[in-house]
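Residues in the sequence shown are numbered from -9 upward in steps of one, following the working numbering. In this text, a Cβ means the ideal position worked out from N, Cα and C, and glycines have one as well. Please read these numbers as outputs of a predicted model, since none were measured by experiment. Written below as structure tokens is the structure these notes are about.
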Amino acid sequence: MTHSIIIPDLGATGGDVKIVEWLVREGQHVDAGDTLFVVETDKATEEIPAFRAGYLRRVLAHADEERLPGDVVGLMTDTSDEAIVDPTAASVEPVAAVAATTSVSRVVRRLTASPRARHLARQHNLDLANVKAASASAIQVRDVVAALEGQPVAADWLIAAFRRMVLIRRYEEHLYQLFLQGLVPGTLHQCQGQEAVAVGVCSSLRRDDMIFSTHRPVGHLLAKGASLNAITAEIWGKATGCVGGKGGQMHLADFSVGAMVSNAIVGANIPIATGCAMAFKLQGLDRVAVSFFGDGACNIGAFHEGLNLAAVQDAPVVFVCENNLYAASTHISVTTRISNLADRAAAYGMRGYTADGMDVEAVSALAAAAIERARLGKGPTLLEYRTYRYRGHSRGDPCGYRADEEQRSWLARDPIERVRIRLNQDFGVTEENLGTIEQECQREIEAAVEFALASPEPTAESCLEHVFA
Ligand SMILES: Cc1ncc(C[n+]2csc(CCOP(=O)(O)OP(=O)(O)O)c2C)c(N)n1
Ligand SMILES: [Mg+2]
């Protein structure tokens, strides 16, 4: 099969993107993630990776040529010698054929509205066809927990944590691949590498406890049990999205599972979570609020105000700092003199702990104790988890500010691989069973994208809903 290589939307402020050089020759094999070519935008020079493995067969835009995001600059095939079918040359006819179902026809109508959109539609054509095929085959969801019956309780918990982390990782990677193909609207801030913090903390919470997330919310929301379909539809701006298509990736929510709307203003959720915790306390409820934030947020005024207020009010809130060493491209050593951010808790008369954020069991043990303290009315705790984001700060960030050795050392501590080995060696869970979990997650993800693409656009009238109280 032939696949188009496009210029993804790299967040440049406008104008053409210049091809600097191709790092792969025609005919050469690449793995997913290998750099294909380098581009220059008005913001930065960036490497564009392959979204899948295959053979580079045609370079359509050469060094020094300029193109727009979405333009096809090369073609790949799965095998080295198959015939190339240029997807950009396909007629729009098949799109109409795929549009036989009403849900898909909406997408197609929108895509065929302008010349540039028609070009995208030709690319979507292949995907829509796939989407249709996928819906035809009913997805067999097998209950792996049941299949693994007889495992001790700890194994059940660890298997559930593994499944949840795999779902988050694969989902974020799937979105990234779609983003590289120009199929994801808007921007992405992703959490690959940080899954153990989200899952370790949220698996120690009750459903009616409330989490407050950030500009990097997908892992937190999925860990708290939010609907994958509703999150995906939200990313595509659909009416079925978890906030009706108004929020996009940075503003996800699901009140039914205790996930307040995530907040992209750095540090802003800290006082809000504190206020929520104070409300729980005033109402005599034993619910707990959790605020997630990054190392960058610890130097924001709202951090100090929020933690101080929570301490003096004995508010049932747990502050979870995901210290991934960077705030955008700035290393923590440039902005912060102390080595343990948790030490700041002492300034507010609060307990603070630093722990390994790549170990879901360690994360959960510490979080469970802090959550229990809060629930028993013993006040807030600051938890700092050391972790690492594998991808860039947002969509097209090539991470040129991080040393290769640093990245390698963190990848070697991967939180999912750690649990895989532990389940296999200490609990006797077979590779086959773990593989089944991964396949099920992948199918769930593909079904969610299918749901999002087939969902209706919000109506114009809905713009004014939920705006005024
Ligand atoms: C108050 C505020 N300042 C700046 C920004 C732009 N911004 C968005 S994310 C980010 C970095 C945040 O770093 P950190 O808190 O460590 O979280 P991470 O991205 O590492 O998860 C910045 C500076 C913002 N959204 N809000
Ligand atoms: Mg950070």
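Where residue i falls: helix, strand or coil (DSSP)
{"i": "P207", "result": "coil"}
{"i": "N423", "result": "helix"}
{"i": "E312", "result": "strand"}
{"i": "L173", "result": "coil"}
{"i": "V187", "result": "helix"}
{"i": "W12", "result": "strand"}
{"i": "A402", "result": "coil"}
{"i": "D346", "result": "strand"}
{"i": "R410", "result": "helix"}
{"i": "A335", "result": "helix"}
{"i": "T31", "result": "coil"}
{"i": "M250", "result": "coil"}
{"i": "Y161", "result": "helix"}
{"i": "I328", "result": "coil"}
{"i": "P39", "result": "strand"}
{"i": "G296", "result": "helix"}
{"i": "F441", "result": "helix"}
{"i": "D244", "result": "strand"}
{"i": "V307", "result": "strand"}
{"i": "L26", "result": "strand"}
{"i": "S384", "result": "coil"}
{"i": "F202", "result": "strand"}
{"i": "A358", "result": "helix"}
{"i": "S194", "result": "coil"}
Exposed unless 16 or more other CB atoms sit within 10 angstroms - verdict on residue i
{"i": "C453", "result": "exposed"}
{"i": "E455", "result": "exposed"}
{"i": "A444", "result": "buried"}
{"i": "R159", "result": "buried"}
{"i": "E421", "result": "exposed"}
{"i": "I(-5)", "result": "buried"}
{"i": "V302", "result": "exposed"}
{"i": "V256", "result": "buried"}
{"i": "Y391", "result": "exposed"}
{"i": "G367", "result": "exposed"}
{"i": "A337", "result": "exposed"}
{"i": "F27", "result": "buried"}
{"i": "R410", "result": "buried"}
{"i": "P175", "result": "exposed"}
{"i": "L299", "result": "buried"}
{"i": "Q415", "result": "exposed"}
Rounded C-alpha distance that separates residue i from residue j
{"i": "V233", "j": "A223", "result": "9 Å"}
{"i": "G274", "j": "T320", "result": "42 Å"}
{"i": "K228", "j": "P405", "result": "33 Å"}
{"i": "G291", "j": "R334", "result": "13 Å"}
{"i": "E351", "j": "I74", "result": "49 Å"}
{"i": "D32", "j": "T25", "result": "20 Å"}
{"i": "A144", "j": "A34", "result": "48 Å"}
{"i": "S194", "j": "A258", "result": "24 Å"}
{"i": "R154", "j": "D54", "result": "44 Å"}
{"i": "L297", "j": "N314", "result": "20 Å"}
{"i": "L65", "j": "G347", "result": "40 Å"}
{"i": "R277", "j": "A249", "result": "13 Å"}
{"i": "R48", "j": "L170", "result": "18 Å"}
{"i": "G235", "j": "E447", "result": "8 Å"}
{"i": "T(-8)", "j": "H19", "result": "14 Å"}
{"i": "P84", "j": "D76", "result": "The predicted model places P84 with a pLDDT of 33, which falls under 50 and marks its position as unreliable, so this point remains unresolved."}
{"i": "A305", "j": "Q180", "result": "30 Å"}
{"i": "L13", "j": "V29", "result": "11 Å"}
Residue nearest to residue i in terms of C-alpha spacing, selected from the options
{"i": "I201", "options": "S246, G235 and C181", "result": "S246"}
{"i": "V62", "options": "I(-3), I38 and W147", "result": "I(-3)"}
{"i": "V324", "options": "S194, L373 and N289", "result": "N289"}
{"i": "L168", "options": "P39, A355, V409 and M348", "result": "P39"}
{"i": "G434", "options": "N330, F270, R327 and S217", "result": "One point to set straight first is that residue 434 is Glu, not Gly, in the sequence displayed. Residue S217 is the option with its Cα nearest to E434."}
{"i": "R398", "options": "V280, Y378, R327 and M155", "result": "Y378"}
{"i": "P59", "options": "T35, I255 and G1", "result": "G1"}
{"i": "E162", "options": "V457, V256 and C431", "result": "C431"}
{"i": "A254", "options": "V28, F458, L424 and H383", "result": "H383"}
{"i": "T371", "options": "E11, H179, N423 and I260", "result": "I260"}
{"i": "G17", "options": "A332, H164, T67 and V7", "result": "T67"}
{"i": "E407", "options": "M240, E436 and V156", "result": "V156"}
{"i": "A318", "options": "A305, A287 and Y343", "result": "A287"}
{"i": "F283", "options": "G265, C266, V308 and D304", "result": "V308"}
{"i": "S70", "options": "A43, M240, A51 and I427", "result": "A43"}
{"i": "G386", "options": "L373, L165 and G238", "result": "L165"}
{"i": "V7", "options": "G209, E36, G237 and M340", "result": "E36"}
Contact test: residue i Cβ vs ligand 4 heavy atom, cutoff 7 Å
{"i": "G284", "result": "For the structure depicted, ligand 4 is absent and the ligand set comprises only ligand 1 and ligand 2."}
CB contact check: residue i to chain C, cutoff 8 Å
{"i": "R365", "result": "The structure shown contains no chain C; it is built from a single protein chain."}
Bridge partner(s) assigned by DSSP for residue i
{"i": "M66", "result": "H(-7) and L46"}
{"i": "E56", "result": "K8"}
{"i": "Y375", "result": "E312 and A345"}
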